[in-house]
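Visitor:
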Amino acid sequence: MNYIEVKIEVTPFSEEFSDIIISAIEELPFESFVNDSPFLKAYIPQNNFDTRDLEDALSWLRGLESFSFKVSSKVIEYKNWNEVWMSNFSPIVVGDRCTVKAHFHKDLPNTEFNIIIEPKMAFGTGHHQTTHLMIESILESNLKGKSVLDMGCGTGILSILAVMCGANTPVRAIDIDPIATDAARENSEKNGVGNKIEVLTGNSALIKAREYNIILANISRNIILSDLEVYSTALKSNGTLIISDFYTQDVPILVEAGKKQGLVLISEAARDNWSRLKFLKK
0 MNYIEVKIEV
10 TPFSEEFSDI
20 IISAIEELPF
30 ESFVNDSPFL
40 KAYIPQNNFD
50 TRDLEDALSW
60 LRGLESFSFK
70 VSSKVIEYKN
80 WNEVWMSNFS
90 PIVVGDRCTV
100 KAHFHKDLPN
110 TEFNIIIEPK
120 MAFGTGHHQT
130 THLMIESILE
140 SNLKGKSVLD
150 MGCGTGILSI
160 LAVMCGANTP
170 VRAIDIDPIA
180 TDAARENSEK
190 NGVGNKIEVL
200 TGNSALIKAR
210 EYNIILANIS
220 RNIILSDLEV
230 YSTALKSNGT
240 LIISDFYTQD
250 VPILVEAGKK
260 QGLVLISEAA
270 RDNWSRLKFL
280 KK
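Mapping of the sequence shown onto numbering that gives the first Met the number 0: residues 0 to 281, in sequence order.
(1) So, at 8 Å on beta carbons, what are the nonlocal neighbours of F38 in its own chain, with the 5 sequence-adjacent residues on each side left out?
(2) Give me, in chain order, the residues of the same chain whose beta-carbon lies closer than 8 Å to that of S36; leave out the 5 immediate sequence neighbours on both sides.
(3) How is S193 classed by DSSP in three states: helix, strand or coil?
(4) Taking C-beta to C-beta, are G155 and A183 nearer than 8 Å?
(5) Helix, strand or coil: which one does DSSP assign to S231?
(6) Which class does F68 belong to by DSSP, given the choice of helix, strand or coil?
(7) Who are the near neighbours of T232 in its chain, counting only those whose CB is closer than 7 Å to its CB and skipping five residues on each side?
(8) Take R220 as the anchor and find which of Y2, F29, A256 has the nearest alpha-carbon.
(9) Between which two residues does the beta strand (DSSP E) carrying I3 extend?
(10) So, using beta-carbon positions, are P90 and H104 closer together than 8 Å?
(11) Report buried or exposed for A216, applying the criterion of at least 16 other Cβ atoms within 10 angstroms of its Cβ.
(12) Might you give, ordered along the chain, the residues of its own chain that have their beta carbon closer than 6 Å to the beta carbon of A41, omitting 5 neighbours on each side?
(13) Just list the residues that DSSP pairs M150 with in beta bridges.
(14) CA-CA distance, T124 and N34?
(15) Determine the closest residue to E25 out of A56, Q45, F48, E14, with distance taken between C-alpha atoms.
(16) How would you call A121, buried or exposed, if buried means at least 16 neighbouring beta carbons within 10 angstroms?
The following block contains the structure:
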């Protein structure tokens, strides 16, 4: 399968302006984003690309005075995709406790938990910030014997770490993207926990009530808002919901929405304008 690389030249370039553009087009079926100053590069399967849809999504940004942008696109042959993606993937190191790396990364610290993944297109821009924040929160939590759901599991990093931290198995991992769930299964096997993670392709309709002690949701703001009631219902009494993949300016909206579902904010953290919230269900 061929991909389209949409190349958006942003003037002046900043990650903040890049994030604004991503927020405008994130509902389109793009599978990954890469910041490569002065460009934002977005990748989408060729058969899912529609120039008119892209222009419609970007149209409201063209009147902004803070930045301008130019859009171009080209076809990337599938045989070249792995090289393109691997060249843009860098490891995640969380203190001296956890390292997430690909097989081609060398000379990295040997931390308490070491996760090796095969980078696929289930990563997007911000993955370092939000995954870093979620890993920190997992490491700060007591997962031993706890039932865990990883919602929007991507390549399975959080599920794998949850197993390593002693979560009750199988940890359930759900993602709507079959590319992501295939990657999660592959990475679970690669890290020796393939029989301890149940990976499902689908959405929140797969979640059952009062089933989990901990729900991890590293997923976009709009999906979190639409699924908060489902997450709250799925949590056992005194269960914990940990969410990320949204900007700091979105925190008040999410906190208020959590209150309406009986979720009490117990901690928050931020990294490069990305935030993580941790709620307790009373």
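No residue lacks a Cβ here, since even glycine has one placed at the ideal position from N, Cα and C.
Guide: Result, derived from the coordinates:
(1) K6, I7, E8, V9, F12
(2) F12
(3) In the sequence as displayed, the identity of residue 193 is Gly instead of Ser. Correct three-state label for G193: helix.
(4) It is a contact, given that the beta carbons lie within the stated cut-off.
(5) helix
(6) Strand at F68.
(7) Within its own chain, the residues whose Cβ lies closer than 7 Å to the Cβ of T232, once the five positions on either side in sequence are excluded, are A208, listed in chain order.
(8) A256
(9) Unbroken beta strand (DSSP E) run through I3: 2-10.
(10) yes
(11) buried
(12) V5, F29, F32
(13) Partner(s): I173, A216.
(14) For T124, the predicted structure reports a pLDDT of 43, less than 50, and the residue's modelled location is therefore unreliable. A value from the coordinates is still provided. Each residue's alpha carbon lies about 7 Å from the other.
(15) A56
(16) Note that A121 scores 46 on pLDDT, short of 50, meaning its location in the model is unreliable; the coordinates nonetheless yield the value given after this. It counts as buried.
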